[in-house]
Every structure is written in C-alpha cells, then in structure tokens.
Amino acid sequence: MSDFTPQEMMTIAAARALSNDDVCFVGIGAPSAACNVARLTHAPDITLIYESGTIGTAPDVLPLSIGDGQLCDTALTTVSVPEMFRYWLQGGRISVGFLGAAQIDRFANINTTVIGDYADPKVRLPGGGGAPEIATSCGRIFITMKQSTRGFVEKIDFVTSLGHGAGGSDRLDTYGVETEGPTLVITDMAVWKPGPETKELTVAALHPGVSRQALAESCGWEAKFADDLEETPPPSELELTTLRELHARTKAAHSRAA
Numbered sequence: 489m490s491d492f493t494p495q496e497m498m499t500i501a502a503a504r505a506l507s508n509d510d511v512c513f514v515g516i517g518a519p520s521a522a523c524n525v526a527r528l529t530h531a532p533d534i535t536l537i538y539e540s541g542t543i544g545t546a547p548d549v550l551p552l553s554i555g556d557g558q559l560c561d562t563a564l565t566t567v568s569v570p571e572m573f574r575y576w577l578q579g580g581r582i583s584v585g586f587l588g589a590a591q592i593d594r595f596a597n598i599n600t601t602v603i604g605d606y607a608d609p610k611v612r613l614p615g616g617g618g619a620p621e622i623a624t625s626c627g628r629i630f631i632t633m634k635q636s637t638r639g640f641v642e643k644i645d646f647v648t649s650l651g652h653g654a655g656g657s658d659r660l661d662t663y664g665v666e667t668e669g670p671t672l673v674i675t676d677m678a679v680w681k682p683g684p685e686t687k688e689l690t691v692a693a694l695h696p697g698v699s700r701q702a703l704a705e706s707c708g709w710e711a712k713f714a715d716d717l718e719e720t721p722p723p724s725e726l727e728l729t730t731l732r733e734l735h736a737r738t739k740a741a742h743s744r745a746a
C-alpha cells in the first residue's frame with residue numbers, strides 16, 4: 489500500500505516508537521491516534537492513560553477530549569485527577585508522555601501558551617494544561633507536530649513545557665529534572681532526536697519523498713542531519729488500514745453524536 493499522506497506517515501512513525509511494556513500518558517489529537525494505532529497493531533498490552541484519570545483505556549474511536557465518555561467506558565479503572573497527577577505522574581509510574589506543540593526550539597522546549605508578547609499576544613493558545621508536569625515527570629517525552637517555520641523557531645515566545653532547556657545537561661543542572669525529557673520529535677517530514685551531548689535536535693530519518701532541502705526550508709534554525717541519516721520505512725498495509733479504519737469509526741461515531 490504505497491499511497492499515504494504526510495499526516496498518516498507522522499502518526500504511524502510515532503506509533504512505532506511505542507512498545508508493549510510502555511505506560512503512556514496520551515494527549516488528544518495526533519498523539520491519541522498514534523497510541524491507539526500502536527495498541528491495535530504491535531503493542532496490544534500497552535497501558536494508555538489520559539489526563540482525566542482513565543487507566544488502561546482502549547477506546548474504539550478517538551476521543552474528542554479528555555472528558556470523552558469512550559475513555560472511561562473502556563478503561564480498566566478511573567481515578568481522580570489529583571491522584572492521576574500526584575501518584576501516577578509525579579510518582580514516576582509513567583514511562584512515556586506524548587505531547588503536541590505550537591512552537592518548539594532546537595532543544596525541544598515547547599510553547600502552547602501565546603504567540604508574541606505574553607502581555608499583548610498576537611494569539612493566545614490553549615495553554616499548558618497538564619503538559620508542564622508531563623514534560624518533567626514522565627520517563628521520556630515524544631512530541632508530534634507539523635513541520636513548518638512557524639512551529640520550528642529559533643526562540644519560542646513562551647516556555648510552557650521544559651525540554652532540554654539551553655542544551656547539554658541544563659535540564660538537570662539548572663532545573664533539577666532527572667527524567668530524560670524529549671527523546672523523539674516526529675513530524676510530517678522527519679524523525680528528530682536530540683544529540684547525546686548537546687541535546688540539540690538532529691534529523692535522524694527523513695520520511696519517504698522528503699529531501700534535505702525541503703526539510704531545511706521548513707525549519708527556523710539551521711537543521712542538523714545525522715551522519716547515518718535514514719529513510720523512515722513507509723507504512724505497512726496493516727498500519728495504514730488500522731489508522732484509516734480508526735479515523736472512519738471516529739468520524740461515524742461523532743457524526744451520529746452531533
């Protein structure tokens with residue numbers, strides 16, 4: 489199955505990063521699609537946790553929000569939000585957190601608060617929600633977002649969620665955060681990984697059909713490419729069918745609800 493969209497490639501590449509043993513804090517949107525594709529394909533025993541307190545959820549359709557009834561109906565159990573954050577998240581019991589971003593810098597710091605000056609912004613965004621805690625308390629962080637110069641910027645307008653700070657060991661030395669932080673940034677063009685020492689994001693793999701030049705032109709800083717740059721394997725028939733059927737069920741369910 490050769491025809492797929494950049495969005496589908498991004499979602500499937502993100503899904504592949506998850507394993508059967510992961511306990512994953514799931515964000516709404518593309519992260520939710522990726523996590524559920526993983527659950528429905530190679531990682532059936534993954535534990536999906538949503539911010540509303542649902543643990544071990546297995547939705548048949550993608551939730552519209554963290555309050556979607558699908559999550560509670562299919563969860564193994566549901567706990568209070570304070571328990572979710574204090575015991576599960578801040579207690580170090582979640583291996584992977586999946587986040588999105590409006591802006592990201594070369595050290596994977598995230599802005600979801602404002603575009604422009606905080607006191608007089610051009611755009612006021614949804615804000616952090618639980619993302620700042622997720623970014624510092626989960627073992628690792630995966631970030632999914634569309635590749636563009638509007639999103640990949642030299643300096644973000646507001647630090648909502650900590651990535652690697654100023655790079656290197658700044659996350660630990662300055663902020664005292666011991667978790668790994670962002671280990672993958674998956675876009676509709678490529679897979680990025682932080683350098684082992686500098687923590688600067690580096691292109692590890694380009695998606696099929698994406699050139700170095702196109703990637704460089706979509707980034708607000710001078711993008712670095714790994715010496716052993718790879719090409720992301722295209723979606724398999726199973727991965728693509730699973731994702732499309734998930735979206736089709738979701739569209740049908742939400743249309744009936746409306």
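Take my numbering: the final residue in the sequence shown is number 746, and no numbers are missing along the way. For every residue, glycine included, the Cβ atom is placed at its ideal position computed from N, Cα and C. Note that the coordinates shown come from a computational prediction; the quantities given were computed from them, not determined experimentally.
- For VAL569, the closest C-alpha among the options GLY555, THR562, ASP561 is that of GLY555.
- In the same chain as PHE713, and ignoring 5 residues on each side of it, the C-beta atoms closer than 6 angstroms to its own belong to VAL691, in chain order.
- Contact check for CYS512 against ILE543 fails: the beta carbons are separated by 8 angstroms or more.
- Counting C-beta pairs with one atom in each stretch, the segment 625–640 and the segment 713–728 have fewer than three that are closer than 8 angstroms, which means they do not touch.
- Residues SER490, PHE492, MET497, PRO696 of the same chain have their beta carbon placed closer than 8 angstroms to that of PRO722, with the five preceding and five following residues left out of the count.
- The beta carbon of ASN508 sits closer than 8 angstroms to those of HIS530, ALA531, PRO532, ASP533, ILE534, all from its chain and outside the five residues before and after it, given in chain order.
- By the CB criterion at 8 angstroms, THR671 and SER625 fall outside the cutoff.
- Under the criterion of beta carbons closer than 8 angstroms, PHE640 and ILE592 qualify as touching, at roughly 6 angstroms.
- Judged by DSSP secondary structure, PRO682 falls within the beta strand (DSSP E) whose first and last residues are 678–682.
- Three or more beta-carbon pairs separated by less than 8 angstroms link the segment 583–591 to the segment 605–624, which places the two stretches in contact.
- Under DSSP, GLY604 shares a beta bridge with PRO609.
- The residue from THR562, ILE598, GLY627, ARG612 with its alpha-carbon nearest to that of TRP576 is GLY627.
- Per DSSP, GLY585 is one residue of the beta strand (DSSP E) stretching across 584–587.
- Counted as a single uninterrupted DSSP element, the beta strand (DSSP E) harbouring GLY669 occupies residues 669–674.
- If you look at VAL525, you'll find it in the alpha helix (DSSP H) that goes 518–528.
- Between GLY669 and GLY651, the CB-CB gap stays under 8 angstroms.
- Annotation: the continuous alpha helix (DSSP H) that includes THR562 extends over 557–562.
- Shown here for GLU710: same chain residues with a beta carbon closer than 8 angstroms to its own, the five before and five after excluded, namely ALA704 in chain order.
- Residue burial annotation: LYS610 is exposed, with fewer than 16 other C-beta atoms found within 10 angstroms of its C-beta.
- Short of 7 angstroms from the beta carbon of GLY708, and not among the five residues preceding or following it, lie these beta carbons of its own chain, in chain order: THR637, PHE640, VAL641, GLU642.
- A direct Cα-Cα distance of roughly 15 angstroms separates LEU552 from CYS523.
- The C-beta distance from SER649 to GLY683 rounds to 20 angstroms, too long to meet the 8 angstroms contact threshold.
- In the displayed model, TYR575 falls within a helix according to three-state DSSP.
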